[in-house]
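K.L.:
Each number in our numbering corresponds to the 1-based position in the sequence shown with 82 added. Using N, Cα and C, we set each Cβ at its ideal position, and we do this for glycine too.
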Amino acid sequence: MIETNTFENLLKDVKIATEKATSEFSNVANNEELESLRSKYLGKKGIVKEYYGIVSNCDKDQKSTFGNLVNELRQLVTRLINIHTESQKANRFTDIATTEWIDVTAPGHVPPTGHLHPITQIQYEIESIFRSMGFQVFDGPQVEDDYHNFEALNIPQDHPARDMQDTFWLTNGRLLRTHTSSVQIRAMQAQKPPLRGISPGRVFRYEATDASHENTFYQVEGLMVDKNISVAELIYVMKVLLKEIFQREVKVRLRPGYFPFVEPGFELDINCLICGGDGCPVCKYEGWVELLPCGAIHPNVLKYCDIDPTVYTGFAFGLGLNRLVMMRYGINDIRYFQSGNLQFLEQF
Ligand code: FA5
Numbered sequence: 083m084i085e086t087n088t089f090e091n092l093l094k095d096v097k098i099a100t101e102k103a104t105s106e107f108s109n110v111a112n113n114e115e116l117e118s119l120r121s122k123y124l125g126k127k128g129i130v131k132e133y134y135g136i137v138s139n140c141d142k143d144q145k146s147t148f149g150n151l152v153n154e155l156r157q158l159v160t161r162l163i164n165i166h167t168e169s170q171k172a173n174r175f176t177d178i179a180t181t182e183w184i185d186v187t188a189p190g191h192v193p194p195t196g197h198l199h200p201i202t203q204i205q206y207e208i209e210s211i212f213r214s215m216g217f218q219v220f221d222g223p224q225v226e227d228d229y230h231n232f233e234a235l236n237i238p239q240d241h242p243a244r245d246m247q248d249t250f251w252l253t254n255g256r257l258l259r260t261h262t263s264s265v266q267i268r269a270m271q272a273q274k275p276p277l278r279g280i281s282p283g284r285v286f287r288y289e290a291t292d293a294s295h296e297n298t299f300y301q302v303e304g305l306m307v308d309k310n311i312s313v314a315e316l317i318y319v320m321k322v323l324l325k326e327i328f329q330r331e332v333k334v335r336l337r338p339g340y341f342p343f344v345e346p347g348f349e350l351d352i353n354c355l356i357c358g359g360d361g362c363p364v365c366k367y368e369g370w371v372e373l374l375p376c377g378a379i380h381p382n383v384l385k386y387c388d389i390d391p392t393v394y395t396g397f398a399f400g401l402g403l404n405r406l407v408m409m410r411y412g413i414n415d416i417r418y419f420q421s422g423n424l425q426f427l428e429q430f
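1. Per DSSP, what kind of secondary structure is HIS199 in: helix, strand or coil?
2. With DSSP as the reference, label GLY402 as helix, strand or coil.
3. Which residues bound the alpha helix (DSSP H) around PHE426?
4. Pick from PHE148, ALA103, LEU119 and VAL344: whose alpha carbon is nearest that of TYR133?
5. Less than 7 Å separating the beta-carbons of GLN329 and LEU403?
6. For the stretch 291–351, which segments carrying the beta strand (DSSP E) assignment without a break, of at least 3 residues, lie completely within its bounds, in sequence order?
7. What's the C-alpha gap between MET446 and CYS362?
8. Terminal residues of the continuous alpha helix (DSSP H) containing SER105?
9. Return the first residue and the last residue of the beta strand (DSSP E) that ILE280 is part of.
10. Around the Cβ of GLU296, are there at least 16 other Cβ atoms within 10 angstroms (buried) or fewer (exposed)?
11. Within the present structure, is the beta-carbon of LYS400 separated from the nearest heavy atom of the ligand FA5 by less than 6 Å?
12. Along the chain, where does the alpha helix (DSSP H) that runs through MET116 open and close?
13. Give me, in chain order, the residues of the same chain whose beta-carbon lies closer than 7 Å to that of LYS385; leave out the 5 immediate sequence neighbours on both sides.
14. What residue range is occupied by the uninterrupted beta strand (DSSP E) comprising ILE379?
15. Could you tell me which residues DSSP puts in a beta bridge with THR395?
16. What do you reckon, are the CB atoms on HIS380 and GLU326 nearer than 7 Å?
17. Within the chosen definition, does the stretch 246–265 reach the stretch 202–213 through at least 3 CB pairs nearer than 8 Å?
18. Taking all protein chains shown into account, do 16 or more other C-beta atoms lie within 10 angstroms of the C-beta of ALA188, making it buried, or fewer, making it exposed?
19. Determine which residues share a DSSP beta bridge with GLU226 and list them.
20. Among ILE136, PHE399, ASN164 and GLN144, whose alpha-carbon lies nearest the alpha-carbon of SER264?
21. Excluding the five sequence neighbours on either side, which residues of its own chain have a C-beta within less than 7 Å of the C-beta of ASN236, listed in chain order?
22. Would you say the beta carbon of LEU316 is closer than 6 Å to some non-hydrogen atom of the ligand FA5?
23. Rounded C-beta distance between ALA103 and VAL159? I'm assuming under 8 Å.
24. Could you say which of GLY422, GLY359, MET408 and GLU303 lies nearest to PHE397 if we only look at CA atoms?
25. For a test of the three-state rule: what should DSSP assign to ASN414, helix, strand or coil?
26. Among the candidates ALA290, TRP370, ASN310 and PRO200, whose CA atom is the shortest distance from the CA of TYR418?
27. Taking 6 Å as the cut-off, does the CB of HIS261 come closer than this to any heavy atom belonging to the ligand FA5?
28. Any idea if HIS230 is buried or exposed, counting beta-carbon neighbours within 10 angstroms, 16 or more meaning buried?
29. Where does ASP143 land, buried or exposed, given buried means 16+ other C-beta within 10 angstroms?
30. Three-state secondary structure (DSSP) at GLN218?
31. Leaving out five residues on either side along the sequence, give the residues of the same chain with a beta carbon under 8 Å from the beta carbon of VAL219.
32. With ALA269 as the anchor, note down where its alpha helix (DSSP H) starts and where it stops.
33. Taking the beta carbon of HIS166 as the centre, do at least 16 other beta carbons fall within 10 Å, making it buried, or is it exposed?
Take a look at the structure:
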């Protein structure tokens, strides 16, 4: 317990300190002064701390009276500090508004955005053309087995036609698919005719690159199997595809081509749109670019897929997507597609 007179004086002291705080804070001009007052009242050795020390010597009644006054002092100082801090922030904004000129009508900065790769753009376009003709879109694995990539396509072990497509073999005996014909086998095994679909995707060949050859490129292969399908349907579908893609008639030629999985087989070449047929590195100075091999599906392939070749016939084709995009946009080197060159990609 504190002696009555002393206690009365203490109460007076706290009240005076409270009034003084109000007047001292009203004169604060800057951060340093604010910090110094905060330390004076609320610091480790500050007035409030000192008063809280005295509270412990008070009896119960004194504690409540004195403690309330000290709490009020602490709350007041805290409030005054907050008011000053907020007003300093507001002043900072006022300073910016008066010293800096902002044109609120100026258009904002458009953040740079990416877009689909030209190959993907044309792939989607082709998918939509074929969907409009009732074709499905098939997907399949890029790491394949020998059976789906070669054997079921009528290319048995040791058949010389295996050398037509240089293959990346994996150590586990599997391979990176050399064409998306493998997906067509999977589709014919999973679904019975009538069947029409395309299989777009990435394929791999172990070969040297040049202006028209890549080791990793894209194909859109397709097939149609039903009763009475002939080469006439094949030619019609190819014509629709090229007309839609190029939006004009393009010069093509059909010549015999050998592929073990089709009989008869054809090569559909497009007149080189880079040089107009005069000859350039892309067409190997021939004026024509191999674009779209195709043919009537070989009866053996249908048999591998449990489809009766005496009832059903079909056609298949294998479009080289990179070369098609090159022809459409006049790109003179296939290696641009995988170069990651933004100047090239930003044009599409
Ligand atoms: C095939 O891949 C056959 N599976 C296509 C096929 C399907 C024929 C159905 C008959 C019936 P080819 O190896 O020719 O065939 O490749 C098809 C197309 O892919 C070529 O016409 C060409 O446009 C493209 N192509 C082939 N090799 C490369 C390469 N290294 N770089 C870029 N494009 C290529």
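P.N.:
On the basis of the data shown:
1. Your numbering for residue 199 matches position 117 in the sequence shown. Note: HIS199 maps to coil in three-state DSSP.
2. Here residue 402 refers to the residue found at position 320 of the sequence shown. Judged by DSSP in its simplified three-state form, GLY402 adopts strand.
3. Residue 426 sits at position 344 when you count from the first residue of the sequence shown. Where PHE426 is concerned, the enclosing alpha helix (DSSP H) stretches over 424–427.
4. Taking the sequence shown and counting its residues from 1, the one referred to as residue 133 is at position 51. That would be PHE148, whose Cα lies nearest to the Cα of TYR133.
5. The residue you call residue 329 lines up with position 247 of the sequence shown. The residue you call residue 403 lines up with position 321 of the sequence shown. A distance of 7 Å or more separates the beta carbons of GLN329 and LEU403.
6. You should have 298–308 and 334–338.
7. This structure cannot settle anything about residue 446, because the visible part of the chain is limited to 83 through 430.
8. Sequence index remark: in the sequence shown, residue 105 carries index 23 (1-based). In the DSSP assignment, SER105 falls within the unbroken alpha helix (DSSP H) covering 86–108.
9. The residue labelled residue 280 in the question sits at position 198 within the sequence shown. Where ILE280 is concerned, the enclosing beta strand (DSSP E) stretches over 277–286.
10. Counted from its first residue, the sequence shown places residue 296 at position 214. With 16 or more other CB atoms across the displayed protein chains lying within 10 angstroms of its CB, GLU296 is buried.
11. Locating residue 400 in the sequence shown gives position 318, counting from the first residue. Per the sequence shown, residue 400 should be read as Gly rather than Lys. Residue side-chain check: GLY400 places its Cβ nearer than 6 Å to a non-hydrogen atom of the ligand FA5.
12. Along the sequence shown, one-based indexing puts residue 116 at 34. According to the sequence shown, residue 116 is Leu rather than Met. In the DSSP assignment, LEU116 falls within the unbroken alpha helix (DSSP H) covering 113–124.
13. For this step, residue 385 is matched to residue 303 along the sequence shown. Correct list, in chain order: PRO391.
14. As a working mapping, residue 379 is identified with position 297 in the sequence shown. ILE379 -> beta strand (DSSP E) spans 370–379.
15. Within the sequence shown, the letter at position 313 stands for residue 395. Under DSSP, THR395 shares a beta bridge with ASP308.
16. The residue given as residue 380 occupies position 298 in the sequence shown. The residue given as residue 326 occupies position 244 in the sequence shown. Not a contact, by the Cβ cut-off of 7 Å.
17. Too few Cβ pairs lie closer than 8 Å, so no.
18. Walking along the sequence shown from the start, residue 188 turns up at place 106. Burial call: exposed.
19. Position 144 of the sequence shown, counting from 1, holds the residue named residue 226. DSSP lists LEU257 as partners of GLU226.
20. Walking along the sequence shown from the start, residue 264 turns up at place 182. Answer by Cα proximity: PHE399.
21. By one-based count along the sequence shown, residue 236 stands at place 154. The beta carbon of ASN236 sits closer than 7 Å to those of PRO342, PHE343, HIS380, ASN382 and VAL383, all from its chain and outside the five residues before and after it, given in chain order.
22. One-based indexing of the sequence shown puts residue 316 at position 234. LEU316 Cβ: outside cutoff for every heavy atom of the ligand FA5.
23. For this step, residue 103 is matched to residue 21 along the sequence shown. For this step, residue 159 is matched to residue 77 along the sequence shown. Contact between ALA103 and VAL159 holds, since their C-beta atoms are separated by about 6 Å, short of 8 Å.
24. Position 315 of the sequence shown, counted from the start, is the residue given in the question as residue 397. PHE397 has its Cα closest to that of GLU303, out of GLY422, GLY359, MET408 and GLU303.
25. In the sequence shown, residue 414 corresponds to position 332, counting from 1. Coil at ASN414, not helix or strand.
26. Counting from one through the sequence shown, the residue named residue 418 turns up at place 336. Here the closest residue by C-alpha is PRO200.
27. To locate residue 261, count along the sequence shown from 1; it is residue 179. At least one heavy atom of the ligand FA5 is found less than 6 Å from the C-beta of HIS261.
28. Here residue 230 corresponds to residue number 148 of the sequence shown, with the count starting at 1. Taking all protein chains in view, the Cβ of HIS230 is crowded by 16 or more other Cβ atoms within 10 Å, so the residue is classified as buried.
29. Along the sequence shown, read from residue 1 onward, the residue named residue 143 stands at position 61. Exposed: under 16 other Cβ atoms inside 10 Å.
30. Here residue 218 corresponds to residue number 136 of the sequence shown, with the count starting at 1. It is a strand residue.
31. Walking along the sequence shown from the start, residue 219 turns up at place 137. Cβ neighbours of VAL219 beyond the five flanking positions: GLU209, PHE212, ARG213, GLY279, ILE280, SER281 and PRO282.
32. Position 187 of the sequence shown, counted from the first residue, corresponds to residue 269. Its alpha helix (DSSP H) spans residues 263–272.
33. Walking along the sequence shown from the start, residue 166 turns up at place 84. Buried is the call here.
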